[in-house]
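K.L.:
Before we start, here is the structure in question, set down as structure tokens.
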Amino acid sequence: MNASVIELEGSVHQRVQKLLPWLAAGQLADTEEKLVREHVKSCQECREDLAWQRKLRTVQPVAGATPDMEGALARLLPALESRTRAGSSGWMRWALAAQLLVIAGLGAALATQQGEQYRLLGGPEFERPNMVVVFRADASERQLRGVLKANAATVVRGPTATNAWLLNVPKAGFEQALENIRASETVTMAEPLNGTP
Amino acid sequence: MLERRIATARRPRRGDAAEASELRLLALVESGDKHALAQLYRAYFPRLARFLDRMTRNAGLIEEIINDTLLVVWQKADTFNHSSRVSTWIFAIAYRKALTALRSLDEPVDADPDAIAGNDSMEPDIVLSLQQLQYNVAQALDALSHVQRTVVNLAYYHGMGYDEIAVIMDCPVNTVKTRMFTARSRLREILAGQMENVS
Numbered sequence: 026m027n028a029s030v031i032e033l034e035g036s037v038h039q040r041v042q043k044l045l046p047w048l049a050a051g052q053l054a055d056t057e058e059k060l061v062r063e064h065v066k067s068c069q070e071c072r073e074d075l076a077w078q079r080k081l082r083t084v085q086p087v088a089g090a091t092p093d094m095e096g097a098l099a100r101l102l103p104a105l106e107s108r109t110r111a112g113s114s115g116w117m118r119w120a121l122a123a124q125l126l127v128i129a130g131l132g133a134a135l136a137t138q139q140g141e142q143y144r145l146l147g148g149p150e151f152e153r154p155n156m157v158v159v160f161r162a163d164a165s166e167r168q169l170r171g172v173l174k175a176n177a178a179t180v181v182r183g184p185t186a187t188n189a190w191l192l193n194v195p196k197a198g199f200e201q202a203l204e205n206i207r208a209s210e211t212v213t214m215a216e217p218l219n220g221t222p
Numbered sequence: 371m372l373e374r375r376i377a378t379a380r381r382p383r384r385g386d387a388a389e390a391s392e393l394r395l396l397a398l399v400e401s402g403d404k405h406a407l408a409q410l411y412r413a414y415f416p417r418l419a420r421f422l423d424r425m426t427r428n429a430g431l432i433e434e435i436i437n438d439t440l441l442v443v444w445q446k447a448d449t450f451n452h453s454s455r456v457s458t459w460i461f462a463i464a465y466r467k468a469l470t471a472l473r474s475l476d477e478p479v480d481a482d483p484d485a486i487a488g489n490d491s492m493e494p495d496i497v498l499s500l501q502q503l504q505y506n507v508a509q510a511l512d513a514l515s516h517v518q519r520t521v522v523n524l525a526y527y528h529g530m531g532y533d534e535i536a537v538i539m540d541c542p543v544n545t546v547k548t549r550m551f552t553a554r555s556r557l558r559e560i561l562a563g564q565m566e567n568v569s
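Chains P and L, in that order, give the protein sequences. One gets the working numbering by counting positions in the first sequence from 1 and adding 25 to each. One gets the working numbering by counting positions in the second sequence from 1 and adding 370 to each.
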């Protein structure tokens, strides 16, 4: 019994030891951060280790000669060939991603949208994302759906690694939709993805 | 004094607004906007130069790797699939470009782990200036294997999570954690007694 407790504590210590650098860097997920902070409270070794790592992080290692940025950019620019908008490969990827997302959420949507007419995916209505939106962490699926419907927006992809959603909003009324979405209390950020929608 | 100067070197974390701005720039790059590419270039040049400086001291090579990286961003912006941050994607390209460049030039990517032993300037009990300490930290990092050094560099000095580093280095998350654990044990040995004046 004691042996298993010791082993368990040992494994937590080892796990925390491997996570300490990212606590020092403020890069742990909530659950891991809680685990590490709890352990550190009662572990002198980890406390000292954490303090040492925090000190090390504040010392930027001396750097060598930095190349001239503007000169380097000037040398790169001629190598950029003119391009038109991305071709079909980009479109296909967005279309597939959107289809996967919609399939995943279809069950919930069906339950609440009985009687409504569904738009087909992959048809001429499907567009590229033209707005990036971050919803509040506590926003419900219903609130999210409400914002989308009120602005005729469709989800193209999301959530991204930073919990953003890529939306397509009809070109007609884009600016008004952007203003509405920004004003929504469930939205923390909304930005157009291109200069023009 | 030393503490105050060091404290100003701390880097703020990058938030959602910065990521959204980069997503917007990338979308413009994808549509062929060279000005957007130049904006992205200027935003990433200092970070990539700092990252690559720990892999090679050749300024010309650093410039070449950064330009190759942003050329890929220009050509392949439509392949960015949003499964990671924009920064993770760009750093991953830069890391691969750097490995290819170093191998093609036959430059060593692994330092001799014992090369730093016997360096008098690394002895403890010496009152270190910030500049000397920064030099010693750089020397200590150079004593690590290149994969360990890259993990330490990305975690401590670029604020990357272990999952982001795993994407950049194309290896399992546990490998990243183990490399970091080994690296920092080695760094503590090398830098023993040198961090007392830092707060």
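All C-beta atoms, glycine included, are put in the ideal place defined by N, C-alpha and C.
1) Using a C-beta cutoff of 8 Å, does Phe461/L count as contacting chain P?
2) If the cut is a Cβ gap below 9 Å, which residues of chain P does Glu559/L touch?
3) Using CA coordinates, which residue listed in Val87/P, Val41/P, Leu44/P and Arg40/P is at the minimum distance from Asn506/L?
4) Closer than 8 Å is the cut-off here; do at least three beta carbon pairs connect the segment 508 to 521 of chain L with the segment 438 to 456 of chain L?
5) Do Tyr527/L and Gln69/P count as a contact pair if the criterion is CB distance below 8 Å?
6) Starting from the C-beta of Ala162/P, find all residues in its chain whose C-beta is less than 8 Å away, skip the five residues before and the five after it, and write them out in chain order.
7) Suppose you measure from the CA of Lys80/P to the CA of Ala49/P; what does that come to, to the nearest Å?
8) By DSSP, does Thr426/L sit in helix, in strand, or in coil?
9) Considering Glu57/P, what are the terminal residues of the alpha helix (DSSP H) in which it resides?
10) Just grab the DSSP bridge partners of Val180/P for me.
11) Closest to Lys467/L by C-alpha separation, out of His452/L, Leu431/L and Gln502/L, would be which residue?
12) Is Pro217/P helix, strand or coil when you go by DSSP?
13) From Asp495/L to Asn567/L, what distance separates their C-alpha atoms?
14) In the segment 75 to 96 of chain P, which residues sit with their C-beta less than 7 Å from some C-beta in chain L, listed in chain order?
15) Report the three-state DSSP secondary structure of Val87/P (helix, strand or coil).
16) Which of the three DSSP states, helix, strand or coil, is assigned to Val212/P?
17) Is Phe450/L helix, strand or coil when you go by DSSP?
18) Cα separation between Leu356/L and Leu98/P?
19) If Val158/P sits next to Leu192/P, beta carbons under 8 Å apart, how far is it from one beta carbon to the other, in whole angstroms?
20) Which stretch, first to last residue, makes up the beta strand (DSSP E) that contains Val158/P?
21) Kindly indicate the opening and closing residues of the alpha helix (DSSP H) around Arg153/P.
22) Check whether the Cβ of Arg417/L lies closer than 8 Å to any Cβ atom in chain P.
23) Hey, Pro46/P and Met550/L: beta-carbon distance below 8 Å or not?
24) Using the Cα positions of Glu216/P and Arg455/L, report the straight-line distance between them to the nearest angstrom.
25) Please list the partners that Ile360/L has in chain P, where partner means a Cβ-to-Cβ separation under 7 Å.
26) In three-state DSSP terms, what is Pro92/P?
27) I need the boundaries of the alpha helix (DSSP H) containing Asp163/P, first residue and last residue.
28) DSSP on Ser457/L, reduced to helix/strand/coil?
29) Keeping to the same chain, check which residues put their C-beta closer than 7 Å to that of Val172/P; ignore five residues upstream and five downstream.
30) Start and end of the alpha helix (DSSP H) containing Asn544/L?
31) Under three-state DSSP, which class holds Glu106/P?
P.N.:
Walking through what the data contain:
1) No, its Cβ sits nowhere closer than 8 Å to a Cβ of chain P.
2) Near Glu559/L there are no residues of chain P at all, since even the closest Cβ is about 12 Å away, more than 9 Å.
3) Val87/P
4) Taking 8 Å as the limit for Cβ pairs, the verdict is that the segment 438 to 456 of chain L does not touch the segment 508 to 521 of chain L.
5) no
6) Closer than 8 Å at Cβ, skipping near neighbours: Asn188.
7) 9 Å
8) Correct three-state label for Thr426/L: coil.
9) Asp55 to Ser67
10) Leu192/P
11) Leu431/L
12) Strand.
13) With a pLDDT of only 47 at Asp495/L, under the threshold of 50, the placement of this residue in the model should not be trusted; the figure read from the coordinates follows. About 11 Å.
14) Trp77, Gln78, Lys80, Leu81, Arg82, Thr83, Val84, Gln85, Pro86, Val87, Ala88, Gly89, Ala90, Thr91, Pro92 and Met94
15) coil
16) strand
17) coil
18) With chain L running from 371 to 569 in the structure shown, residue 356/L is simply not present.
19) So it is a contact: roughly 6 Å between Cβ atoms.
20) Residues Met156 to Phe160.
21) No alpha helix (DSSP H) holds Arg153/P; DSSP gives it neither H nor E.
22) no
23) In contact: Pro46/P and Met550/L (Cβ atoms closer than 8 Å).
24) So the two alpha carbons sit approximately 16 Å from each other.
25) A question about residue 360/L goes unanswered here, because the residues of chain L that appear run from 371 up to 569.
26) coil
27) Element bounds for Asp163/P: n/a, residue is neither H nor E.
28) helix
29) Ile206, Ser209, Thr211 and Val212
30) Val543 to Ile560
31) coil
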